[in-house]
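K.L.:
Going down the list, the protein sequences come from chains A and B.
Going by the working numbering, the first sequence opens with residue 1, and the numbers climb by one from there.
Going by the working numbering, the second sequence opens with residue 1001, and the numbers climb by one from there.
Backbone N, C-alpha and C define an ideal beta-carbon position, used for all residues, glycine too.
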Amino acid sequence: MAKGIGKIKIRTPRRYKKGDVIPIKALITHPMETGFRKDKKTGKRIPAYYISDVNVFYGGELITQMQWTIAVSANPFMTFYLKADKDAPLKIVWKDIKGKVFEKTVQIKPQ
Amino acid sequence: MFKKAFKVFICLAILLLPLLFSKMARAGDEIKEYEPNCTYEEYEKTYLDFYGSSTQEMAEEGNPADLMLDDGEELFKTVAGTRGKSCASCHGENGEKLKGVAARYPKYDPAIKGINTIAYQINRCRVEKMGAKPLKYESYDQLALTLYVKSLSNGMPINVSIDGPARPFYEKGKKFYYTRMGQWNFSCALCHVKYACKRVRTNLMSPNRHHADHWPSYRLKWGKAGSLQRRFRGCMKNMRAKPLPYQSEEYRNLELYLTYQANGLPLEVPGMRM
């Protein structure tokens, strides 16, 4: 099931001023297999496959970091708050345990 | 003399008994419709009290099935099969010619002498017009393509016709809806018409008005998108009946019946449900 993995949607508020604390919402499609599930037909275990590290960069600077495990649901959705004090790109990087890296950049533009 | 008359009477009675039973059996074939237990507005109110608005908020924040639309659009433009055609080569570069079409489906198709659904038609198109392999039902590609084709008519009111040749199939679908089946002897109508707004253990039963206007939908229980027919199969498993294969005649008729219940509502794909 390589299809439909790593599609990303990041949402920011439409309008905000410099210095405002804004919510950033990010969604990524990923199966997040726990490694405990069995294939119903063959009876074999489905190997674990999940996102382990999430890094958020704001203008090149690492601002937050998350470590996820199997407890996080499939297609994880996250929200965090950001103080929009500069006009800079916001980059979110997801890394899964097979070493695949998914990333997306949005521009933070305080008005 | 009296004895003879009695014998004749008994004979006649024995002869006529099967007739009587057959008449009773025919009366049993007629659908006994239920009165809906509640209106949709009442249901929405009960739903909010019961589950809260968390699913709705989640859907507003981002539906994972939205991300399938790009894949669907790509597939729409991909050339496949022996004739060097893609969906886009007949239906317009961005599917202009398909706008509003999905709102009229499922509909009667004389070529198959039955009811045609979008997913079924996509596979027919692929086999007959493009010379390509049919897509497996409920596979990622199949759902993405169906989602894209349906999304072209998003917001348009559903307008399914049950006149003329579609009428007998509508009746069949309705009969299926009201047929008791499975170990628990349930019918679709029992939960979704007669006992709508009541609780079945931890579930709240919904009336059937909005059942067919948002598929393929992302369902939290499945963790991915699925079609209305996958939901039918799930429902039939819950009733402990044997689920039927995808796009079987019964399911296509049932889809027509349910979509007719949603007539006039805007089509909203992809939906997001619990």
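1. Tell me, please, whether the CB atom of residue 31 of chain A is closer than 9 Å to any CB atom in chain B?
2. State yes or no: is the C-beta of residue 1075 of chain B within less than 9 Å of the C-beta of residue 1148 of chain B?
3. With 9 Å set as the bound, which would you pick, yes or no: does the beta-carbon of residue 1064 of chain B sit closer than that to a beta-carbon of chain E?
4. Going along chain A, which residues have a C-beta under 9 Å from residue 1061 of chain B?
5. I want to see whether chain B comes within less than 9 Å of residue 4 of chain A, judged by CB atoms only; does it?
6. Of the residues B:1222, B:1150, B:1237 and B:1049, which one's Cα is nearest the Cα of residue 1064 of chain B?
7. Which residue's Cα is closest to the Cα of residue 1133 of chain B: B:1139, B:1080 and B:1173?
8. Can you say whether residue 1219 of chain B is buried or exposed, counting buried as having 16 or more other CB atoms within 10 angstroms of its CB?
9. Looking at C-alpha atoms only, which residue of B:1230, B:1265 and B:1101 is the closest neighbour of residue 1248 of chain B?
10. Taking residue 1145 of chain B and residue 1100 of chain B to be in contact with their CB atoms under 8 Å, please state how far apart those CB atoms are, rounded to whole angstroms.
11. Of the choices B:1168, B:1041 and B:1192, whose alpha-carbon is the least far from that of residue 1177 of chain B?
12. In its own chain, which residues sit with a C-beta less than 7 Å from the C-beta of residue 86 of chain A, not counting the 5 before and 5 after it?
13. Within 9 Å (strictly less), CB to CB, does residue 74 of chain A reach chain B?
14. Cα-Cα, which of B:1114, B:1160, B:1051 and B:1035 is closest to residue 1251 of chain B?
15. Hey, could you find the ends of the beta strand (DSSP E) residue 55 of chain A is sitting in?
16. Among all the DSSP beta bridges, which residues are the ones paired with residue 1109 of chain B?
17. Would residue 1048 of chain B pass as an interface residue toward chain A - the criterion being a Cβ-Cβ separation below 9 Å?
18. I need the straight-line Cα distance from residue 1046 of chain B to residue 1135 of chain B, nearest angstrom please.
19. Do residue 1227 of chain B and residue 1043 of chain B have their C-beta atoms within less than 9 Å of each other?
20. With a CB to CB cut of under 7 Å and the five nearest residues on each side skipped, what residues in its chain are close to residue 1156 of chain B?
21. Between residue 23 of chain A and residue 81 of chain A, is the Cβ-Cβ spacing less than 9 Å?
22. Quick test of your reading: residue 1066 of chain B and residue 9 of chain A, contact by CB under 8 Å. State the CB separation rounded to the nearest angstrom.
23. If you follow the alpha helix (DSSP H) that residue 69 of chain A is part of, which residue opens it and which one closes it?
24. What residues in the segment 1069-1083 of chain B bring their beta carbon closer than 9 Å to a beta carbon of chain A?
25. Nearest to residue 1217 of chain B by CA position, among B:1084, B:1162 and B:1273, is which residue?
26. Does the Cβ of residue 1127 of chain B have 16 or more other Cβ atoms within 10 Å, making it buried, or fewer, making it exposed?
27. Going by C-alpha to C-alpha distance, which of A:83, A:25, A:47 and A:39 sits closest to residue 17 of chain A?
28. Does any C-beta atom of chain A lie closer than 9 Å to the C-beta of residue 1141 of chain B?
29. Name, please, each residue of chain B whose Cβ falls closer than 7 Å to the Cβ of residue 7 of chain A.
P.N.:
A quick look at the data gives this:
1. Yes, its Cβ sits closer than 9 Å to a Cβ of chain B.
2. yes
3. Checking the listed chains, one finds no chain E in this structure; the protein chains it contains are A and B.
4. Those within 9 Å of residue 1061 of chain B in chain A are 11, 25, 27, 77 and 79.
5. Judged by the 9 Å Cβ criterion, residue 4 of chain A is in contact with chain B.
6. B:1222
7. B:1080
8. Burial call: buried.
9. Minimum Cα distance to residue 1248 of chain B is reached at B:1230.
10. Actually they are not in contact, since the Cβ atoms of residue 1145 of chain B and residue 1100 of chain B sit about 18 Å apart, beyond 8 Å.
11. B:1192
12. So the qualifying residues of the chain are 59.
13. yes
14. The shortest Cα separation from residue 1251 of chain B among B:1114, B:1160, B:1051 and B:1035 belongs to B:1114.
15. Segment 51-58, the beta strand (DSSP E) holding residue 55 of chain A.
16. B:1114
17. no
18. One C-alpha to the other measures close to 40 Å.
19. no
20. 1100, 1103, 1266 and 1267
21. Contact flag set, yes.
22. 7 Å
23. Looking at the DSSP string, residue 69 of chain A is not in any alpha helix (DSSP H), and its letter there is neither H nor E.
24. Of all residues in the segment 1069-1083 of chain B, only 1070 and 1071 place a beta-carbon less than 9 Å from a beta-carbon of chain A.
25. B:1273
26. exposed
27. A:83
28. yes
29. 1067
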